[in-house]
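Numbering (our numbering), first residue to last: 1 to 325.
Note that CB positions come from ideal geometry on N, CA and C, so glycine has one too.
For clarity, every value in this text was computed on a predicted model and none was experimentally measured.
Worksheet: the structure to be examined is printed underneath.
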Amino acid sequence: MKNILLIATGGTIACKTKQDGLKPELDCKELLSYLDDLSDICNVDAIQLFNLDSTNMTYQHWSKIASLIKEKYDLYDGFVITHGTDTMAYAASALSYMIQDSYKPIVFTGSQKSIYMRDNDARSNLTNAFIYASYDQAYGVTIVFDNKVILGTRAKKVRSKSYNAFTSVNYPEIARIIEKKVILYIEKKYQKEDVKFYLNFNHDVMVLKLVPGMDSSLLDYALSHYDAIIVEGFGVGGLPIYLEVEDTRLKDKTIVITTQVQYEGSDLNVYQVGKLIKEKYDLLESYDMTIESLVSKIKWILSLTDKKEEIKNLLYTPIYSDILR
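Printed below as a string of structure tokens:
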């Protein structure tokens, strides 16, 4: 029987209806009280770390989750984190870079309806999270939701209300949970000595989403105030020529081009509007990464180095299969 630590942080799964709307109020012990057959799956300890709506979660909160896991890593076989769905993909991405090469499972889950409600997806999601966290071949940072097991670096919330809220972007689901059994699609083993913890991020990163006809002064502002700018371009990453700026403004900045299109990724070499600007400014691009993973990875990289070649090498080095190029 595996020993699993539940880390509760709030979210819809822990909400009760208040006069002014849903608010996280249930604590970790109350969450566990709704699961009838947990003793047949694993032994569980629980810690209430926060009780927040996930829109209020930040990288500082996720760093505290990672710090707690680091402190408890040798004491448990796996970890389950209950979290609000709105920023769960960001949280799973952040922990993928904070806790790298984990040979123990770190599983995020939550729900679209509170476990307190009569009809909900919370009980099955939480039960499945414990099932996967107790599975012998489970590893790394994942999201377990609606019977899917998705790598944290590949997860994205794509529906605001439906139970099948998350999908795996540009990468297969690594497993499914069917009738309380794990059906594993992608297997990987980690050596115990390989796990690495990184708890500090550089937060001077801005995401600039282009719209047709956008004023180039917004890019000038971003260059003046941030160490890195992630530009969400069109299609495979096309950039309008009017966004060009002077070379001197880019000297000490990291510029990464991604695409607003959810699937299939960027390729700046396809069209002239991308290729010429990429070559002129030596821009980086995200290829098939999700925006959630890209933001977290750049924040992590910039906490380690400000050298352009090192930044480039780290960005294009896969971590939990976050990039395939």
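Since I believe Tyr34 is in contact with Ile131 (beta carbons under 8 Å), could you give me their beta-carbon distance rounded to a whole number of angstroms?
Not quite, the Cβ-Cβ distance comes to about 16 Å (not below 8 Å), so this is no contact.
Can the beta-carbon of Gly328 be found closer than 8 Å to that of Thr12?
Missing from the structure shown is residue 328; the chain here goes from 1 to 325 and no further.
Just curious, the beta strand (DSSP E) that Phe201 is in, first and last residue?
Where Phe201 is concerned, there is no enclosing beta strand (DSSP E), given that its DSSP letter is neither H nor E.
Leaving out five residues before and five after Tyr103 in sequence, what residues of the same chain have Cβ atoms less than 8 Å from its Cβ?
Tyr139, Lys189, Tyr190, Gln191, Lys192, Asp194, Val195
Are the Cβ atoms of Arg154 and Asn170 separated by less than 8 Å?
yes
Where the alpha helix (DSSP H) through Gln191 begins and ends
Note, Gln191: premise wrong, no alpha helix (DSSP H); not H, not E.
Just to check my reading of the structure: Ala91 and His83 have Cβ atoms closer than 8 Å, yes? What is that Cβ distance to the nearest angstrom?
5 Å
Could you tell me whether the Cβ atoms of Phe166 and Ile183 are closer together than 8 Å?
no
On a CA-only basis, which of Ile47, Asp45, Asp53, Ile7 is nearest Glu25? Give me that one, please.
Asp53
Check each candidate in Lys312, Ile301, Phe108 and name the one with the smallest Cα separation from Ile150.
Phe108
Taking Asp334 as the reference, give the member of Glu292, Met289, Val211, Thr254 with the closest Cα.
No information on residue 334 is available, as it lies outside the stretch 1 to 325 that the chain covers here.
Residue ranges of each beta strand (DSSP E) within the stretch 218-280, 3 or longer:
228-233, 254-259
By DSSP's criteria, Gly355 is part of a beta bridge. Which residues make up the other side?
Nothing in the structure corresponds to residue 355, since the chain is present only between 1 and 325.
Taking Arg154 as part of the beta strand (DSSP E), name the residues at either end of that continuous run.
Neither: Arg154 is in no beta strand (DSSP E) and is coded neither H nor E.
Range covered by the alpha helix (DSSP H) that runs through Val295
291-302
Cβ-based neighbour list, Leu199, same chain, cut-off 8 Å, excluding 5 preceding and 5 following:
Ser63, Ala66, Ser67, Lys70, Met98
By alpha-carbon positions, which one of Lys308, Pro212, Phe79, Asp267 ends up nearest to Asn43?
Phe79
In this structure, does DSSP put Glu285 in helix, strand or coil?
strand
Nearest to Gly10 by CA position, among Asn3, Ala175, Leu31, is which residue?
Leu31
Take Ile186 and list the residues in its own chain whose beta-carbon comes closer than 6 Å to its own, dropping the five residues that flank it on each side.
Ile174
On a Cα-Cα basis, can you pick out the residue from Val261, Pro172, Thr55 that is closest to Lys209?
Val261
Who pairs with Leu5 in a beta bridge, going by DSSP?
Asp45, Phe79
Which of the three DSSP states is assigned to Leu210 in this structure?
coil
Can you tell me which residues form a DSSP beta bridge with Ala129?
For Ala129, which the question treats as bridged, DSSP gives no partner whatsoever.
Checking 8 Å against the spacing of the C-beta atoms, do Asn128 and Asn147 come in under that value?
yes
Going by beta carbon distance, what residues of the same chain come within less than 6 Å of Asp204, once the five residues before and after it are set aside?
Tyr226, Asp227
Residues in the same chain with beta-carbon distance under 6 Å from Ser326, minus the five sequence neighbours each way, listed in chain order, please.
Because the chain is modelled from 1 through 325, residue 326 falls outside the range shown and cannot be assessed.
Would DSSP call Lys16 helix, strand or coil?
strand
Can you tell me the Cα-Cα spacing of Phe197 and Ala94, whole angstroms?
12 Å
Would you call the CB atoms of Ser134 and Ile4 closer than 8 Å?
yes
Pull up the DSSP beta-bridge partners for Pro24, would you.
Cys15
Taking Cβ positions only, does Ala155 come closer than 8 Å to chain C?
No chain C is present in this structure, which holds just one protein chain.
Reducing DSSP to helix, strand and coil, say where Lys161 ends up.
coil
On a Cα-Cα basis, can you pick out the residue from Glu292, Phe234, Leu304 that is closest to Val270?
Phe234
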